[in-house]
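Asks: Dumping the structure here so I can ask a few things about it.
Protein chains: 2
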Amino acid sequence: MSRTEGEWMAKNTRAALLDAALRTIGERGFAGASARHIATAAGQNQALVFYHYGTVNDLIAAACRESTEQRVALYRAEFEQAGTLADLLAVGRQVHVTEHAEGNVAVLAQLLAGARGNEVVAAAVADALNLWVVEVEKTLGRVLADSPLLALIDLGGLARSISAGFVGIELLDGVDPDGATRALASLEQLAVLTETLLTELDNLGPVTSRLVKRRLNALTK
Amino acid sequence: MSRTEGEWMAKNTRAALLDAALRTIGERGFAGASARHIATAAGQNQALVFYHYGTVNDLIAAACRESTEQRVALYRAEFEQAGTLADLLAVGRQVHVTEHAEGNVAVLAQLLAGARGNEVVAAAVADALNLWVVEVEKTLGRVLADSPLLALIDLGGLARSISAGFVGIELLDGVDPDGATRALASLEQLAVLTETLLTELDNLGPVTSRLVKRRLNALTK
DNA sequence: GTCTATAGAGGGATAGAC
DNA sequence: GTCTATCCCTCTATAGAC
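Right, dumping it as structure tokens:
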């Protein structure tokens, strides 16, 4: 076996383990993601987990980072093309539908819960979540550049609320699927409603609009 | 030892185990809540977990139900006294501050994550979550009885979003405390903003106000 | 009801052959 | 790099003494 061939196989093994780690977490939960189960899902020998990644936690952390980078990169162009709040809402919808269907939101929820008292995983999942937050925050800042909202709400906080909200609803989905569907639908309604109110504010005529905006600004004091 | 005395001790043991189960989940996460750790935290013998509750899962499920019933009962009067959206917001704030400080939100998050592939726990945590949702939904319905929002948003869905949102932010808190604080603050801002917009809508004068409401209603078609 | 002891399964991690 | 075999630990659950 040539040196190149050996390297290629090792790369394949490592990739298979990364992939299987997340798949296993999705199927069996964080607690069920043992080295044995992951290796079996990857079609690999259990000892290779430790040879390539040292510990199970390190494998899971690496899988979390690698996967999130890829998934976020997949949507980065769409985030950047969003010019209005409605556009961002549409991208958000698409991201959630796809990532939910792929099981990635459920995996993220399991990682967040499993991170309790697990520093290696906690650091990885914090970074991963931040990749999503940065995209949402950047886009929010752009589409709301002319909005009075900008002065009233911490967009970084809002971006984190949105991400955390999806995670929470995913966990609800695990114990009450109908409830989760209703929760998601109500947020859709709320988002559209807010967007409409903001638009209407600009259509009310300058006097009324300025009056409302002044009262909103009074909130921050 | 009299019969009464024996019963009293057994009740104490059972209560100690229930309490320790949730404390252990809070301190060590769902995966760390083994019969041994729980029993030690309760100052009891490990075998008593199985004598009194059969399995660890059944103990955890019982603890989840019992604790949630008590906690929700603690706030029921305050929910019922809330007459405006601002009142509800104030109660919600108080509930979150207290329950977060007691660690109960973190425990709920761990239970939700641990419920994956665990039917006994899943059923218990679904019921527990529902106790909170029912209170919020009832109160929302009452304080929004005269609001145009009632026709535009599924209040049951909204109540579930709020509960799920707190859970998500609690998980974020585990890996990024500053981010969680910002997320929570931004939701506060958003809630106050929405409440203000709804109030302003009524203060705009009847013509403008009716115009906006008509446009909002058009959303539902 | 409570205790000790232990069976039996599964998990992390390593040694050493190939 | 990969495999088998194995050590040692923790876990659930039960048996049986008290």
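In order, the protein sequences belong to chains A and B. Every letter in the first sequence is one number past the one before it in the working numbering, and letter 66, counting from 1, is 66. Every letter in the second sequence is one number past the one before it in the working numbering, and letter 181, counting from 1, is 1181. Ideal Cβ positions, reconstructed from N, Cα and C, are used throughout, including at glycine.
For N1118 of chain B, which of helix, strand or coil comes out of DSSP?
Replies: Locating residue 1118 of chain B in the second sequence gives position 118, where the first residue counts as 1. Three-state result, N1118 of chain B: coil.
Asks: For D154 of chain A, which of B:A1159, B:L1144 and B:T1181 has the nearest alpha-carbon?
Replies: One-based indexing of the first sequence puts residue 154 of chain A at position 154. Comparing Cα-Cα distances from D154 of chain A to each of B:A1159, B:L1144 and B:T1181, the minimum goes to B:T1181.
Asks: Who are the near neighbours of A1015 of chain B in its chain, counting only those whose CB is closer than 8 Å to its CB and skipping five residues on each side?
Replies: Here residue 1015 of chain B refers to the residue found at position 15 of the second sequence. Here the set comprises nothing.
Asks: If the cut is a Cβ gap below 7 Å, which residues of chain A does Q1070 of chain B touch?
Replies: For the purposes of this step, residue 1070 of chain B is taken as the residue at position 70 of the second sequence. By Cβ distance, chain A contributes nothing, its closest Cβ being about 20 Å from Q1070 of chain B, past 7 Å.
Asks: For E99 of chain A, I'd like the list of residues in its chain whose CB is within less than 6 Å of its CB, leaving aside the five on either flank, ordered along the chain.
Replies: Translated into positions along the first sequence, residue 99 of chain A becomes position 99. Excluding residues within five positions, the ones whose Cβ falls inside 6 Å are V105.
Asks: Tell me which same chain residues have a C-beta within less than 7 Å of the C-beta of G1083 of chain B, skipping the five on either side of it?
Replies: Position 83 of the second sequence, counted from the first residue, corresponds to residue 1083 of chain B. The answer, listed in chain order, is V1143.
Asks: Anything in the region 138 to 168 of chain A with a Cβ closer than 9 Å to a Cβ of chain B? List those residues in chain order, please.
Replies: Those residues of the region 138 to 168 of chain A that come within reach of chain B (Cβ to Cβ, closer than 9 Å) are L149, L152, I153, D154, L155, G156, G157, L158, A159, R160, S161, I162, S163, A164, G165, F166, V167 and G168.
Asks: Please state whether the Cβ-Cβ distance between L131 of chain A and E170 of chain A is less than 8 Å.
Replies: Counted from its first residue, the first sequence places residue 131 of chain A at position 131. Counted from its first residue, the first sequence places residue 170 of chain A at position 170. Not closer than 8 Å, so no.
Asks: List, in chain order, every chain A residue whose beta-carbon is nearer than 8 Å to that of T1196 of chain B.
Replies: Counting from 1 along the second sequence, the entry for residue 1196 of chain B is found at position 196. Residues of chain A passing the Cβ test: R215, L216 and L219.
Asks: With DSSP collapsed to three states, give me the class of N45 of chain A.
Replies: Residue 45 of chain A sits at position 45 when you count from the first residue of the first sequence. Residue state, collapsed to three classes: coil.
Asks: Quick one: Cα of D1173 of chain B to Cα of E1027 of chain B, how far?
Replies: Taking the second sequence and counting its residues from 1, the one referred to as residue 1173 of chain B is at position 173. Taking the second sequence and counting its residues from 1, the one referred to as residue 1027 of chain B is at position 27. Taking the straight line from one Cα to the other gives about 14 Å.
Asks: From this set, B:V1125, B:F1079 and B:N1118, which residue's C-alpha is nearest T1139 of chain B's C-alpha?
Replies: Mapped onto the second sequence, residue 1139 of chain B falls at position 139. Cα-wise, what sits closest to T1139 of chain B is B:F1079.
Asks: Identify the contact partners of S179 of chain A in chain B, using a Cβ-Cβ distance below 7 Å as the criterion.
Replies: Here residue 179 of chain A corresponds to residue number 179 of the first sequence, with the count starting at 1. It should be noted that the sequence gives Gly, not Ser, for residue 179 of chain A. Near G179 of chain A (Cβ distances below 7 Å), the residues of chain B are R1160.
Asks: For V1107 of chain B, collect the residues of the same chain with a Cβ closer than 7 Å to its Cβ; drop the 5 residues on either side in sequence, then sort them by chain order.
Replies: Taking the first residue of the second sequence as 1, we reach residue 1107 of chain B at position 107. Hits under 7 Å: L1022, I1025 and G1026.
Asks: Just to confirm, is the Cβ distance from L1193 of chain B to L216 of chain A under 8 Å?
Replies: Your numbering for residue 1193 of chain B matches position 193 in the second sequence. Your numbering for residue 216 of chain A matches position 216 in the first sequence. Against a cut-off of 8 Å, the Cβ pair of L216 of chain A and L1193 of chain B comes out as a contact.
Asks: Quick one: measure Cβ to Cβ for G1165 of chain B and S161 of chain A, integer angstroms, because I've assumed they're closer than 8 Å.
Replies: Position 165 of the second sequence, counting from 1, holds the residue named residue 1165 of chain B. Position 161 of the first sequence, counting from 1, holds the residue named residue 161 of chain A. Rounded, the Cβ-Cβ distance is 7 Å, consistent with contact.
Asks: Assuming A86 of chain A and E195 of chain A make a contact with CB atoms under 8 Å, what is their CB distance in whole Å?
Replies: Indexing the first sequence from 1 puts residue 86 of chain A at position 86. Indexing the first sequence from 1 puts residue 195 of chain A at position 195. Contact holds; Cβ gap of about 6 Å.
Asks: Between B:L1158, B:L1018 and B:K1011, which has its C-alpha nearest E1137 of chain B's C-alpha?
Replies: To locate residue 1137 of chain B, count along the second sequence from 1; it is residue 137. The option with the nearest alpha carbon to E1137 of chain B is B:L1158.
Asks: Relative to the alpha-carbon of L149 of chain A, which residue among A:Q110, A:G179 and A:D202 has its alpha-carbon at the smallest distance?
Replies: Reading the first sequence from its first residue, position 149 is the one you call residue 149 of chain A. It is A:D202.
Asks: Looking only at C-alpha atoms, which of A:V56, A:L190 and A:T40 sits nearest to E119 of chain A?
Replies: Your numbering for residue 119 of chain A matches position 119 in the first sequence. For the residues A:V56, A:L190 and A:T40, the minimum Cα distance to E119 of chain A belongs to A:V56.
Asks: State buried or exposed for L111 of chain A, treating a residue as buried only when at least 16 other CB atoms are found within 10 Å of its CB.
Replies: Counted from its first residue, the first sequence places residue 111 of chain A at position 111. L111 of chain A is buried by the Cβ-count criterion.
Asks: In its own chain, which residues sit with a C-beta less than 7 Å from the C-beta of A115 of chain A, not counting the 5 before and 5 after it?
Replies: For the purposes of this step, residue 115 of chain A is taken as the residue at position 115 of the first sequence. The residues are V121, A122 and V125.
Asks: In chain order, what residues of the same chain have a beta carbon less than 8 Å from the beta carbon of V1072 of chain B, not counting five sequence neighbours either side?
Replies: Residue 1072 of chain B sits at position 72 when you count from the first residue of the second sequence. Closer than 8 Å at Cβ, skipping near neighbours: L1131, W1132 and E1135.
Asks: Using the beta-carbon count (16 or more within 10 Å), is D1176 of chain B buried or exposed?
Replies: In the second sequence, the residue the question calls residue 1176 of chain B occupies position 176. So D1176 of chain B ends up on the buried side.
Asks: Check whether chain A comes within 8 Å of S1186 of chain B, counting only Cβ atoms and requiring the distance to be less than that.
Replies: Walking along the second sequence from the start, residue 1186 of chain B turns up at place 186. Yes, its Cβ sits closer than 8 Å to a Cβ of chain A.
Asks: Starting from D1173 of chain B, trace the alpha helix (DSSP H) both ways and give me its first and last residue.
Replies: Working through the second sequence from its first residue, we reach residue 1173 of chain B at position 173. That run of the alpha helix (DSSP H) goes L1155 to V1175.
Asks: Using a Cβ-Cβ cutoff of less than 6 Å, which residues in the same chain neighbour Q1229 of chain B once the five nearest sequence positions on both sides are dropped?
Replies: Outside the modelled stretch of chain B, which goes from 1001 to 1221, sits residue 1229 of chain B, for which no answer is possible.
Asks: Going straight from the alpha carbon of G1117 of chain B to that of V167 of chain A, what length do you get?
Replies: For the purposes of this step, residue 1117 of chain B is taken as residue 117 along the second sequence, with counting starting at 1. For the purposes of this step, residue 167 of chain A is taken as residue 167 along the first sequence, with counting starting at 1. So the two alpha carbons sit approximately 18 Å from each other.
Asks: For F30 of chain A, return the contacting residues in chain B, with the cut-off set at a CB-CB distance below 8 Å.
Replies: Numbered from 1 along the first sequence, position 30 holds the residue referred to as residue 30 of chain A. Those within 8 Å of F30 of chain A in chain B are A1031 and A1113.
Asks: So, using beta-carbon positions, are R222 of chain A and A128 of chain A closer together than 8 Å?
Replies: Any question about residue 222 of chain A goes unanswered here, given that chain A covers just 1 to 221.
Asks: When the cut-off is 8 Å and only beta carbons count, does T208 of chain A lie next to chain B?
Replies: Here residue 208 of chain A refers to the residue found at position 208 of the first sequence. With 8 Å as the cut-off, T208 of chain A counts as an interface residue toward chain B.
Asks: According to the Cβ coordinates, are V49 of chain A and L18 of chain A closer than 8 Å?
Replies: For the purposes of this step, residue 49 of chain A is taken as residue 49 along the first sequence, with counting starting at 1. For the purposes of this step, residue 18 of chain A is taken as residue 18 along the first sequence, with counting starting at 1. No, these two residues do not count as a Cβ contact at 8 Å.
Asks: Per DSSP, what kind of secondary structure is D1127 of chain B in: helix, strand or coil?
Replies: Residue numbering aside, residue 1127 of chain B sits at position 127 when the second sequence is read from its first letter. Here D1127 of chain B sits in helix by DSSP.
Asks: Thinking T1208 of chain B and L204 of chain A are a contact (beta carbons under 8 Å), I'd like their distance in whole angstroms, please.
Replies: Within the second sequence, the letter at position 208 stands for residue 1208 of chain B. Within the first sequence, the letter at position 204 stands for residue 204 of chain A. Yes, T1208 of chain B and L204 of chain A are in contact; Cβ-Cβ is about 6 Å, under 8 Å.
Asks: Taking the C-alpha atoms as reference points, what is the distance between A1183 of chain B and A1109 of chain B?
Replies: For this step, residue 1183 of chain B is matched to residue 183 along the second sequence. For this step, residue 1109 of chain B is matched to residue 109 along the second sequence. If you take the alpha carbons of A1183 of chain B and A1109 of chain B, they lie about 17 Å apart.
Asks: For G179 of chain A, I'd like the list of residues in its chain whose CB is within less than 7 Å of its CB, leaving aside the five on either flank, ordered along the chain.
Replies: As a working mapping, residue 179 of chain A is identified with position 179 in the first sequence. Taken in chain order, the residues that qualify are L172.
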